[in-house]
Amino acid sequence: MSQQAELERTVEGMPNWPGDGLTRVPYWVFQRDDVYAREQEAIFQGPVWHYLCLEADIAEGGDFVTTFVGDAPVVVTRDSEGAIHAFENRCAHRGALICLDAKGKGKKDFACVYHAWTYDLTGKLTGVAFQKGVKGKGGMPPEFKISEHGPRRLKITALHGLVFGSFSADAPDFKSWLGPEIEPKIGRVLAGRKPVVLGRYTQVLPNNWKLYVENVKDSYHASILHLFFTTFELNRLSQKGAIVVDETGGHHISYSAIDRKTNTASADYAQQKIRSDSKYRLADPSLLQGFDEFNDDVTLQILSVFPTFVLQQIQNSIAIRQVVPRGPDRTDLHWTLLGFETDTPEQRLTRLKQANLIGPAGFISMEDGCVGGFVQRGVRAASREQAILQMGGSTAESSESRVTEASIRGFWKAWRAHTGI
Numbered sequence: 008m009s010q011q012a013e014l015e016r017t018v019e020g021m022p023n024w025p026g027d028g029l030t031r032v033p034y035w036v037f038q039r040d041d042v043y044a045r046e047q048e049a050i051f052q053g054p055v056w057h058y059l060c061l062e063a064d065i066a067e068g069g070d071f072v073t074t075f076v077g078d079a080p081v082v083v084t085r086d087s088e089g090a091i092h093a094f095e096n097r098c099a100h101r102g103a104l105i106c107l108d109a110k111g112k113g114k115k116d117f118a119c120v121y122h123a124w125t126y127d128l129t130g131k132l133t134g135v136a137f138q139k140g141v142k143g144k145g146g147m148p149p150e151f152k153i154s155e156h157g158p159r160r161l162k163i164t165a166l167h168g169l170v171f172g173s174f175s176a177d178a179p180d181f182k183s184w185l186g187p188e189i190e191p192k193i194g195r196v197l198a199g200r201k202p203v204v205l206g207r208y209t210q211v212l213p214n215n216w217k218l219y220v221e222n223v224k225d226s227y228h229a230s231i232l233h234l235f236f237t238t239f240e241l242n243r244l245s246q247k248g249a250i251v252v253d254e255t256g257g258h259h260i261s262y263s264a265i266d267r268k269t270n271t272a273s274a275d276y277a278q279q280k281i282r283s284d285s286k287y288r289l290a291d292p293s294l295l296q297g298f299d300e301f302n303d304d305v306t307l308q309i310l311s312v313f314p315t316f317v318l319q320q321i322q323n324s325i326a327i328r329q330v331v332p333r334g335p336d337r338t339d340l341h342w343t344l345l346g347f348e349t350d351t352p353e354q355r356l357t358r359l360k361q362a363n364l365i366g367p368a369g370f371i372s373m374e375d376g377c378v379g380g381f382v383q384r385g386v387r388a389a390s391r392e393q394a395i396l397q398m399g400g401s402t403a404e405s406s407e408s409r410v411t412e413a414s415i416r417g418f419w420k421a422w423r424a425h426t427g428i
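Written out as structure tokens, the structure is:
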């Protein structure tokens, strides 16, 4: 089946997709329970790779963390031989959570609190309490075999200290999945450096998960909504930069860089008659003072891997954002703030200061967290209406201009290809 024919397919019982498929997005995709269910089946349970954790989170044998792939709770472990495993956090008996802790060390096995069925670090069922009954009575039937039962296990891969997993055995080779442009930019930030977790928090968003992913890919809004960026010239559309969209459309990179030959405080924003300088100044200018980390003048690189992984470099603030759907109108955004073992105390302090500026109590993610809710509320009674995505054309291709919605169109190209909607 051709790609266009694939995009034209519709799932039974759902409305038809309007227009040409990329420049119009119907608001019902952010509202319907059946769309959400289709995503869980086709994307989160399908042949797609999902970020699970850092290798540093499970550095030693017996270490474990719990996470999510869509709605599915997952346990990630490292065994005594150093191998990484991941399995659904669901007891094979009656479905209770196997592991109740967020993370831990020195673990040899897991026991479900409900009926004490036990599992090893690979997720294999190893014991059933009173399997043979008591005094020859009760218990499981003779034909019951422990080896035939257990939670679903995930296919695992790791790259540059990141652990990804998939419920599908048909998930493609991971580097092929990323493509030739995305992996080097992940490596630019993480390769050859041992990360140190500086902090974690969860931002609760009152909107559909796809609205936040759109926001991440939306270079058009970044220096309009975020007045902090333009006031202090961290990110302006008049700066050097570009948008990279991979062949599938699902992954993207947006970056901006200092142009040492051009004054970035151009008249472009004034001509648009939009705000570009708050006139406020920082009482402590050291909040903006960074250090040359990459030797390329890039002040901002936002990278996403379909469907829910984001790697952030804003100045010296490095963070991983994991988007976790919680239903059609709620999303949890898990943040992991990173430093590196080679950081000096001064560099570590710089990262912490900038992380506070950017996070949900700062000047960037606070605003991003609001606007998704504004959209969710704004379209509540407009399920038959459509969003317009025509900035920069109609394709999902890389662009030297960041006044474009190409990477958002790319997301919908990939989303439709996986869901068939």
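Residues are numbered in the working numbering as their position in the sequence shown, beginning at 1, plus a constant of 7.
Cβ coordinates follow ideal geometry from the N, Cα and C atoms, glycine included.
{"Query": "Would you identify the three-state DSSP class for threonine 411, choosing helix, strand or coil?", "Result": "coil"}
{"Query": "Report all residues from its chain with a CB closer than 7 Å to the CB of glycine 417; omit the five preceding and five following residues, and keep chain order.", "Result": "Val252, Gly256, Gly257, His259 and Ala403"}
{"Query": "Nearest CA to the CA of glycine 379: which residue from Arg31, Phe37 and Leu29?", "Result": "Phe37"}
{"Query": "So lysine 224 is in the alpha helix (DSSP H); what residue range does that whole segment cover?", "Result": "216–224"}
{"Query": "Apart from the five residues just before and just after alanine 103, which ones in its own chain have a Cβ nearer than 6 Å to its Cβ?", "Result": "Cys119 and Tyr121"}
{"Query": "Assign lysine 224 to buried or exposed, taking buried as 16 or more other Cβ atoms, counted over all protein chains shown, within 10 Å of its Cβ.", "Result": "buried"}
{"Query": "Measuring only the C-alpha atoms, how far is methionine 313 from methionine 373?", "Result": "Looking at the sequence provided, one finds phenylalanine at residue 313 rather than methionine. Approximately 23 Å, taken between the alpha carbons."}
{"Query": "Does the beta-carbon distance from glutamine 361 to isoleucine 395 come in below 8 Å?", "Result": "no"}
{"Query": "Mind checking whether glycine 157 and proline 202 have CB atoms under 8 Å apart?", "Result": "no"}
{"Query": "Under the assumption that glutamate 392 contacts tyrosine 126 (Cβ atoms under 8 Å), give the Cβ distance between them as a whole number of angstroms.", "Result": "Not confirmed; about 48 Å, so no contact."}
{"Query": "What is the DSSP secondary structure of leucine 331, reduced to helix, strand or coil?", "Result": "First, the amino acid is wrong: residue 331 is valine here, not leucine. Reduced to three states, the DSSP call for valine 331 is strand."}
{"Query": "What are the boundary residues of the beta strand (DSSP E) that includes glycine 206?", "Result": "202–212"}
{"Query": "Can valine 204 and aspartate 339 be called in contact, C-beta distance under 8 Å?", "Result": "no"}
{"Query": "For arginine 31, which three-state DSSP category applies?", "Result": "strand"}
{"Query": "Taking Cβ positions, are tryptophan 342 and glycine 376 nearer each other than 8 Å?", "Result": "no"}
{"Query": "Could you tell me whether the Cβ atoms of proline 335 and asparagine 215 are closer together than 8 Å?", "Result": "yes"}
{"Query": "What does DSSP give as the partner residues of lysine 247 in its beta bridges?", "Result": "Ala264"}
{"Query": "Could you give the C-beta distance for lysine 114 and glycine 69, rounded to a whole number, given that I count them as a contact under 8 Å?", "Result": "5 Å"}
{"Query": "Rounded to a whole number of angstroms, what is the C-alpha to C-alpha distance between tyrosine 208 and lysine 142?", "Result": "51 Å"}
{"Query": "Going straight from the alpha carbon of tyrosine 276 to that of glutamate 407, what length do you get?", "Result": "For tyrosine 276, the pLDDT reaches just 40, beneath the cut-off of 50, and the residue's location in the model is therefore unreliable, although a value from the coordinates is still provided. Between tyrosine 276 and glutamate 407, the C-alpha separation is close to 19 Å."}
{"Query": "For glycine 53, collect the residues of the same chain with a Cβ closer than 7 Å to its Cβ; drop the 5 residues on either side in sequence, then sort them by chain order.", "Result": "Ser175 and His425"}
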